[in-house]
Amino acid sequence: MDDRKATARWPRWAAYAAGAWSLVYGGLGLYWALGGAGFPFGEGDIPDARAESLLGGATAAGTAPVIAALGFAGAMLALVMARVRLRGAARVAVLATAWLAAWALVALIPDVRIMIAVGYAPIFLVGLPFGWPPVDYFEVGLPWPVLNLIICLGGGLLWTGAALAFQRRTGDSCGGCGRSERRTATWTAPASAARWGRWAAYTAFVVPLFYAVVRWAWALNVPLLFSREDLRWLHESGLVWAGAGLATVAAAGGVLTLGLVHRWGEVWPRWMIGLAGRRVPPALPITLASAVTAVLLSAGMQAVRMTDWTDPAAWLSSPMAYWPIWAVALGVATLAYYLRRRGRCHYCGLV
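This is how it looks when you write it as structure tokens:
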């Protein structure tokens, strides 16, 4: 079956999936409210991370009942979105609530620890046979509070899909592609998307290089934007090399972003043994790039909250201050790639 035809079915189940997630997480909220163990926010979070978390002051007694109420309300809202065709003010209210839920779960509740966990995962896998880095990945990189943030991020992506499907269905657009016979937008044309997508892709390529250069400098014992004392501790603990590995992952991700605007992102290059010359399934780079965009967005919003914007010298020299730009640029480049490669819709027939 054509991968585009298969993936185009998502609008049918998006709201049900978001509702199921909300129902389950609402049940967790009720469990925590009744005294169950494992409350992952605030008082149940890692102490060193509370100050940087949006829910750093949360308590099971005060916050868990709210989680339960919002979860159950979200499940009912998702059912309405899946079964009812709303118009006017009711449509606007439901759509705004759905997009707000998606934004909160993707960008506000998660934080930079998801990006750290994802970025360090390949480093720990490679170093596992050698006992390096000298820390337990699941204890440091992926404890329960961080895994919970990933679950919230996943719920946010489900709500994003539900909101988009509802918006299309109630706006008389094709559920599969979003196009409409009544109106066309020139910026979504493949030629136009290729132009603005190129700017976005190269921006998403350059921004992580700044972060990578800083980390590589630390590995070479150059205290770039860092104190000598802290740099000495990184070298003594061996974590500086994990940081260098993370920088390499970031730089590699930047290079892969260029595939969104070059031919090797559409046809496997010659050095891909067994795949060379074959068509790259659009769903593969779109899914991966969208997931990375979501992770970067959550980290970027934390950077926005934590950066001292009144001190230009501080944020101009901070690699983290540019993460929101990285997230937006990658998201825009991914959208452009999708618009260029979506072709004729299997549902509405529009091109």
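The opening position of the sequence shown corresponds to residue 1215 in my numbering, with each subsequent residue numbered one higher.
Here a beta-carbon is modelled for each residue, glycine too, at the ideal position from N, C-alpha and C.
In this structure, the straight-line span from the alpha carbon of G1491 to that of H1476 is close to 14 Å.
Around the Cβ of I1487, a 10 Å sphere holds fewer than 16 other Cβ atoms; the residue is exposed. Cβ neighbours of V1494 within its own chain (closer than 7 Å, five residues either side excluded): G1479, E1480, V1481 and W1482. Around A1303, the same chain offers no residue with a beta carbon nearer than 8 Å, after the five sequence neighbours per side are excluded. Considered as a whole, the segment 1411 to 1458 harbours 1442 to 1451 as its complete alpha helix (DSSP H) runs of no fewer than 4 residues, in chain order. The count of Cβ pairs closer than 8 Å, one atom from the segment 1226 to 1235 and one from the segment 1365 to 1374, reaches three, so the stretches are in contact.
About 6 Å separates the CB atoms of A1535 and A1517; that is less than 8 Å, so the two are in contact. By the criterion of a C-beta distance shorter than 6 Å, L1474 is surrounded in its chain by A1415, A1547 and Y1551, once the five residues flanking it on both sides are discounted. Within 10 angstroms of the beta-carbon of G1390 lie 16 or more other beta-carbons, which makes it buried. For W1478, no alpha helix (DSSP H) segment is defined, and its DSSP state is neither H nor E. In the three-state DSSP reduction, R1301 falls in the coil class, being neither helix nor strand. Distance between R1558 and L1367, taken at the CA atoms: about 31 Å. Between A1282 and A1247 the beta-carbon gap is near 6 Å, inside 8 Å, which marks them as a contact. Pairing G1241 with G1250, the inter-Cα distance amounts to about 11 Å. Following the DSSP letters along the chain, one finds C1366 inside the alpha helix (DSSP H) bounded by residues W1358 to T1384. Here A1321 really is in contact with M1515; their C-beta atoms are around 5 Å apart, less than 8 Å. The C-alpha of P1526 is placed about 29 Å away from the C-alpha of A1456. S1394: not part of any alpha helix (DSSP H); DSSP gives it neither H nor E.
For the pair T1507 and G1545, the CB atoms are nearer than the 8 Å cut-off. Residue burial is scored here from C-beta neighbours: D1522 has fewer than 16 other C-beta atoms within 10 angstroms and is therefore classed as exposed.
Take A1229, set aside five residues on each side of it, and the residues of its chain with a beta-carbon closer than 7 Å to its own are A1292, M1295, A1296, A1376, A1379 and F1380, in chain order. If you look at A1527, you'll find it in the alpha helix (DSSP H) that goes P1526 to L1530. DSSP lists no beta-bridge partner residue for R1484. The DSSP-derived three-state label of R1556 is coil.
For R1556 and A1461, the gap between their C-alpha atoms comes out near 33 Å. Of the residues assessed, F1253 falls on the buried side of the cut-off, its CB having 16 or more other CB atoms within 10 angstroms. Counting C-beta pairs with one atom in each stretch, the segment 1496 to 1506 and the segment 1398 to 1413 have fewer than three that are closer than 8 Å, which means they do not touch.
Residue burial is scored here from C-beta neighbours: N1435 has fewer than 16 other C-beta atoms within 10 angstroms and is therefore classed as exposed. When C-beta atoms of the segment 1307 to 1315 are compared with those of the segment 1333 to 1348, fewer than three pairs fall below 8 Å, so the two segments do not count as touching. The beta carbons of F1424 and P1533 sit about 5 Å from each other, so the pair counts as a contact at 8 Å.
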